[in-house]
Each structure stands twice: as C-alpha cells, then as structure tokens.
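Top to bottom, those sequences are chains A and B. The numbering of the first sequence is my numbering, which starts it at 1 and goes up by one. The numbering of the second sequence is my numbering, which starts it at 1001 and goes up by one. Note that beta-carbon positions come from the ideal geometry of N, C-alpha and C, so glycine has one too. Single-structure report; data block below.
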Amino acid sequence: MTNLRITEHPILDIPADTKQVHVYFEGKELLAREGETVASALTSYGIRAFRTTRKRHEPRGVFCAIGRCTDCMMTIDGRKNVRTCMTEVKEGMQIERG
Amino acid sequence: MIETDICIVGAGPAGLSAAAAAGEAGASVLVVDENFKAGGQLFKQVHKFFGSENHKAGTRGIRIGEQLLDRARKAGAVFRLRTLAYGFFENGVLGLYDMDSQELGLVKAKKYIFATGAIENVLPMKGGTLPGVMGAGAAQTLMHLYHTRPGNEIVMVGSGNVGLIVSYQLMQSGAKIAALVEAAPKISGYEVHARKLLRAGVKMYTSTTVSEIKGEDQVEEVVLTELDSDFKPIPGSEFSVKADTVCVAVGLSPLTELLQMAGCKLYFSKVLGGFVPLHGRNLKTTHDDIYLAGDCSGIEEASTAMEEGRIAGIGASAEIGFGTDKADELIKQAQERLDELRQGPFGDRRKSGMEEIFTEYEKGAWA
Chain A
1 MTNLRITEHP ILDIPADTKQ VHVYFEGKEL LAREGETVAS ALTSYGIRAF RTTRKRHEPR
61 GVFCAIGRCT DCMMTIDGRK NVRTCMTEVK EGMQIERG
Chain B
1001 MIETDICIVG AGPAGLSAAA AAGEAGASVL VVDENFKAGG QLFKQVHKFF GSENHKAGTR
1061 GIRIGEQLLD RARKAGAVFR LRTLAYGFFE NGVLGLYDMD SQELGLVKAK KYIFATGAIE
1121 NVLPMKGGTL PGVMGAGAAQ TLMHLYHTRP GNEIVMVGSG NVGLIVSYQL MQSGAKIAAL
1181 VEAAPKISGY EVHARKLLRA GVKMYTSTTV SEIKGEDQVE EVVLTELDSD FKPIPGSEFS
1241 VKADTVCVAV GLSPLTELLQ MAGCKLYFSK VLGGFVPLHG RNLKTTHDDI YLAGDCSGIE
1301 EASTAMEEGR IAGIGASAEI GFGTDKADEL IKQAQERLDE LRQGPFGDRR KSGMEEIFTE
1361 YEKGAWA
C-alpha cells in the first residue's frame, strides 16, 4: 500500500506518538493523525482522486490545499461539498467521493 | 453583534503582526481566520529567512510564526479560528460563518485590516486538472503542516524562488524531482537555491514547457516540449518524464474578494500579481475604515507582510486614538525596514510597483 508519510526530515520535528484517528473512506478504515486534514490523510494513502465532475465525470483532487479552489470537495458524514483541505479529521468520520 | 476596535481578517504573517501591533497600542483586537490553526504560510516555511537581523534573517518561518502568535496573544488579541469572513456590508459590518457550529455572526469594528493573502496561479495545461497536479504551495502545506508528501516523483513547473525552494523541500521530504521546467531561457529565482538543486543532481530544463500531462485518473507521465526564443514549441522536441505529481509554481494572485465587496478600488500591477487594492504608504485602502497588509496588497513575501501588518496595525489603532504618542516613530521604523527588504533585483521591481500604487492613491482620483 502506498505510504506517503514523512518519517524522517532534516528540519521538521515529526512526533512519533501523534494520536491516531480512525476515518472511513468509502467504508474502508484508514488511520489518520489527530490535527491533520481529511485531504492529507487520504493523500498519505496515495488516494488522489477525491471526486468526479458532474458533467464530464473527470477526476479531481487537491490543488490549492488552502480552501480556495474547491477541487478537493467530498461528502463528509453525509454533508456534501465539504472542502477536505479545510476539514480536520475526527474519529469515525465517513468520507465519500460523492 | 461582536464589537471591537480592530478586526483583522487573516491570521498569517501580516494579520498576526497587525494584531500584535494593534494590541500593544491598547486597542481591542479580533482576528478571524478560516483555518483551524493560526499562522498562515509561516508554519509551512521551514527555510531560513533572508535579509538582516532586523528582518529575522537566519530564523526559520515556523519559529517566526510561533513567536508572532505568542506576541499577538500576549497583546490581548482574540482569535476566532475556523471562522469564515464571508462578506463585508454597506453599514461597515463584517459577516462571519462559524464552520463548526454552522452559525452566522456579525462584527462591527472601528477599523478593519484585511490580510487575506493570496492564491497560487493556475497554468492551463493539457491534462492539468488530473489529480496529482497541484500548486507548489499545496505540496508545501501537505508536507510541512501534515507531514505527508504529495507524491514520490515530481515535475516542478516554474523556476522562481517558490519553485526552487519547494523542490528542495520535496527532496527533504523524501520525494524525487524528476524534472524542473522553466519556459524562460534561464532560471528565474536566486542562484543560491538553484545551485543547491543542481548539486543534488536535479535536472533543470529551461526554454521548456509541459505540453501534456497523461494518466488514467491521476498523473502518470508528463510530456515536455522545448520552446524557441519566441516561446513557441519546437516540433519534434517532445520528451516524456515519468512522474506522479506536477507542482505548479507560476506565481500568486492577491485574494481581494472581501476588499472588492467593501468597494475598495483596485489597480492593475503586473509586478505585484495582478489586481491589487489601491492603497497608500500607510496601508490604508480607498475605504476610510479599511487597511490591508501582506500578499493581498501585492505579492511579496512573509518578511514584508509582517512589516506591512505592523504599519497597518499601528496606523489603524492610532486613527482611533490608541498609541498615538509612538505611532509616527514606530511606523517610520517599519517603513525603513520595508525599504531595506525591497532592495536587489527582485525587491527593486516590487518597490517600483508599490510606488506606482502609492502615487496613484495619493492623486486621490478614486475619491
């Protein structure tokens, strides 16, 4: 499985004991880290296609990661069009492409 | 309705610096930011800052962020995070949306400082909407705030300082730079950064552009094409690079929606990133109660954003009677530091861009 977590870094202090949070991407359990966004949690597993455009059914993913472009929107806990780059992971969160 | 002396939108370097300055002058300060952490881009900047000691050179952005946040808090600034400033209305009221409770609220401040920052530019490319194509700043956000690299093999588009620095940071995070591409005939950022990448064996292609990004539902391959001296693709020069990520570092544009909604007049400045709210040397806009600071006043960098924030914070407070005894002197010092920062080939261009805006503002033709 793809793992894009940074484990070693010359400058950043990467705590090894960050609390883990369980989230569910289309029903599949993923381990996220407390304090991160849904976008980064999915990215860490190599999940890049976050949604499909309505008309042309093209995949879209993270572009700006600061809440402006809205390309990374998903359905979170049943709520549509949530910007995953601005949403902190929460235990038990259900994330759907929708 | 929340009432406050000063309301600041944006808790990045400019907003925090304004909050500290206004709070220290004695004004009550409310800072609104839609992120769940304050600090804006500062906490993403793991590199050491440039300039002199006055400009915190040699200190990494993340440390500067911690110090500034601490200073703003000590100065009594109140933070409302996860709160979107969604509109500015005719009666001088700012609309807020609490993203957690999903409730709306209003703020009436005597003076506002908008420090709303910037957004990365998009580069139209065939296949440019594929997942895995993102802003260089987005990659930086994923890496430095959330300790996740965006991919393993990266094509960086753009050789300005952002492109060069983020390329190096991607390598520090364990990714490989498959290619760094620049349409111009030479690298446009500082040589010191370019050399670091060259030493690390990064392949840099000048006079080259991305002609297509290929992949099923994410980036898999990037086709590059050489350009002639008129920036026209040279037929037959295409070559392919394997990559899972394309980072785009082709500049930023000021985020001015709120300022526009408030009726602030804009002025086009190519060197400062496009349409910029017209403002004076004191960072006041064409709206009597609105100041601005940081990238939304014209694209520069965190060091200049902090000085602008300081000038706006002191100026806005003084205008409503706080810290009037020291305001002039403190503003003068900050302006001197700004002048020092706007030096060199990059700074000179921005300085002349700013001077043009100040001149236009001082003409008062917009009134």
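Mind checking which residues open and close the beta strand (DSSP E) that includes residue i?
| i | result |
| --- | --- |
| glycine 1105 (chain B) | 1103-1114 |
| arginine 83 (chain A) | 79-83 |
| histidine 22 (chain A) | 20-25 |
| arginine 1063 (chain B) | Note, arginine 1063 (chain B): premise wrong, no beta strand (DSSP E); alpha helix (DSSP H) at 1061-1074. |
| isoleucine 1234 (chain B) | Per DSSP, isoleucine 1234 (chain B) belongs to no beta strand (DSSP E) and is neither H nor E. |
Kindly indicate if chain B contains any beta-carbon less than 8 Å away from that of residue i.
| i | result |
| --- | --- |
| glutamate 96 (chain A) | no |
| methionine 73 (chain A) | no |
| threonine 70 (chain A) | no |
| glycine 78 (chain A) | no |
| leucine 12 (chain A) | yes |
| arginine 48 (chain A) | yes |
| histidine 57 (chain A) | no |
| methionine 93 (chain A) | no |
| glutamate 29 (chain A) | no |
Can you give me the C-alpha to C-alpha distance between residue i and residue j, rounded to a whole angstrom?
| i | j | result |
| --- | --- | --- |
| glutamine 1218 (chain B) | proline 59 (chain A) | 8 Å |
| tyrosine 1086 (chain B) | glutamate 1034 (chain B) | 10 Å |
| isoleucine 1311 (chain B) | leucine 1016 (chain B) | 12 Å |
| asparagine 1091 (chain B) | cysteine 1007 (chain B) | 15 Å |
| alanine 39 (chain A) | aspartate 1328 (chain B) | 45 Å |
| lysine 1362 (chain B) | glycine 1280 (chain B) | In the sequence on display, residue 1362 (chain B) carries glutamate and not lysine. Going by the C-alpha atoms only, they are around 7 Å apart. |
| alanine 1118 (chain B) | serine 1297 (chain B) | 9 Å |
| tyrosine 1097 (chain B) | valine 1032 (chain B) | 10 Å |
| lysine 1351 (chain B) | phenylalanine 25 (chain A) | 49 Å |
| arginine 83 (chain A) | proline 1277 (chain B) | 28 Å |
| glutamate 1191 (chain B) | tyrosine 1168 (chain B) | 13 Å |
| leucine 12 (chain A) | methionine 86 (chain A) | 22 Å |
| lysine 1110 (chain B) | glutamate 1003 (chain B) | 8 Å |
| glycine 1005 (chain B) | cysteine 1247 (chain B) | In the sequence as presented, glycine is not what sits at residue 1005 (chain B); that position holds aspartate. C-alpha separation (whole angstroms): 41 Å. |
| threonine 1083 (chain B) | arginine 97 (chain A) | 25 Å |
| methionine 1099 (chain B) | glutamate 1226 (chain B) | 46 Å |
| valine 1009 (chain B) | leucine 1030 (chain B) | 9 Å |
| tyrosine 1205 (chain B) | proline 1235 (chain B) | 17 Å |
| aspartate 1339 (chain B) | arginine 1080 (chain B) | 33 Å |
| alanine 1018 (chain B) | alanine 1262 (chain B) | 20 Å |
| phenylalanine 1036 (chain B) | glutamate 88 (chain A) | 8 Å |
Let's see if you can read the secondary structure: which residues bound the alpha helix (DSSP H) around residue i?
| i | result |
| --- | --- |
| phenylalanine 1346 (chain B) | 1344-1363 |
| serine 1317 (chain B) | 1302-1319 |
| alanine 41 (chain A) | 38-44 |
| leucine 1081 (chain B) | Unbroken run through leucine 1081 (chain B): none, as it is neither H nor E. |
| proline 1013 (chain B) | 1013-1025 |
| glutamate 1171 (chain B) | Inspection of the sequence shows that residue 1171 (chain B) is occupied by methionine rather than by glutamate. Element bounds for methionine 1171 (chain B): 1161-1172. |
| threonine 53 (chain A) | Neither: threonine 53 (chain A) is in no alpha helix (DSSP H) and is coded neither H nor E. |
| glutamine 1045 (chain B) | No alpha helix (DSSP H) holds glutamine 1045 (chain B); DSSP gives it neither H nor E. |
Determine whether the Cβ of residue i lies closer than 8 Å to any Cβ atom of chain A.
| i | result |
| --- | --- |
| valine 1253 (chain B) | Here residue 1253 (chain B) is serine; the residue named in the question, valine, does not match the sequence. No, its Cβ sits nowhere closer than 8 Å to a Cβ of chain A. |
| arginine 1060 (chain B) | yes |
| valine 1046 (chain B) | yes |
| proline 1131 (chain B) | yes |
| alanine 1138 (chain B) | yes |
Taking the alpha carbon of residue i as the reference point, which residue from the options has its own alpha carbon closest?
| i | options | result |
| --- | --- | --- |
| glutamate 1066 (chain B) | B:Ala1109, B:Thr1304, B:Ala1020, B:Ile1119 | B:Ala1020 |
| lysine 1186 (chain B) | B:Ala1175, B:Ala1200, B:Leu1164, B:Thr1116 | B:Leu1164 |
| proline 10 (chain A) | B:Asp1289, B:Glu1336, B:Arg1060, B:Glu1024 | B:Arg1060 |
| asparagine 32 (chain A) | A:Ala41, A:Tyr24, A:Ala49, A:Val62 | The residue you asked about is not asparagine; residue 32 (chain A) is alanine in the sequence shown. Checking every option, the nearest Cα to that of alanine 32 (chain A) belongs to A:Ala41. |
| glycine 67 (chain A) | B:Leu1142, B:Glu1103, B:Glu1024, B:Leu1106 | B:Leu1142 |
| tyrosine 1112 (chain B) | B:Gly1135, B:Phe1231, B:Lys1284, B:Arg1337 | B:Lys1284 |
| valine 1223 (chain B) | B:Ala1316, B:Gln1335, B:Val1155, B:Pro1345 | B:Val1155 |
| serine 1211 (chain B) | B:Ser1240, B:Val1192, B:Leu1197, B:Asp1228 | B:Ser1240 |
| phenylalanine 1358 (chain B) | B:Gly1323, B:Arg1337, B:Phe1268 | B:Phe1268 |
| tyrosine 1291 (chain B) | B:Leu1272, B:Lys1265, B:Lys1270, B:Ser1303 | B:Lys1265 |
| valine 1046 (chain B) | B:Ala1249, B:Ile1064, B:Leu1030 | B:Ile1064 |
| glutamate 1336 (chain B) | B:Glu1356, B:Gly1323, B:Glu1307 | B:Glu1307 |
| glycine 1160 (chain B) | B:Thr1324, B:Leu1069, B:Phe1231, B:Glu1301 | B:Glu1301 |
Just to make sure I have the definition right: I need the residues of chain A whose C-beta is within less than 7 Å of the C-beta of residue i. Which are they?
| i | result |
| --- | --- |
| asparagine 1149 (chain B) | According to the sequence as given, residue 1149 (chain B) is arginine; it is not asparagine. In chain order: Leu4, Ile6. |
| isoleucine 1119 (chain B) | Cys64, Arg68 |
| tyrosine 1097 (chain B) | Within chain A, no residue comes near tyrosine 1097 (chain B); the closest Cβ sits about 12 Å away, beyond 7 Å. |
| phenylalanine 1036 (chain B) | Glu88 |
Using a Cβ cut-off of 7 Å, pull out every chain B residue sitting near residue i, in sequence order please.
| i | result |
| --- | --- |
| alanine 16 (chain A) | Those within 7 Å of alanine 16 (chain A) in chain B number zero; the least Cβ separation is about 11 Å. |
| histidine 9 (chain A) | Gln1172, Ser1173 |
| glutamate 36 (chain A) | Tyr1146 |
Could you list which residues in chain A have their beta carbon closer than 8 Å to that of residue i, in chain order?
| i | result |
| --- | --- |
| leucine 1142 (chain B) | Ala39, Ser40, Thr43, Val62, Ala65 |
| aspartate 1217 (chain B) | Arg48, Ala49, Pro59 |
| glycine 1135 (chain B) | Phe63, Cys64, Ala65 |
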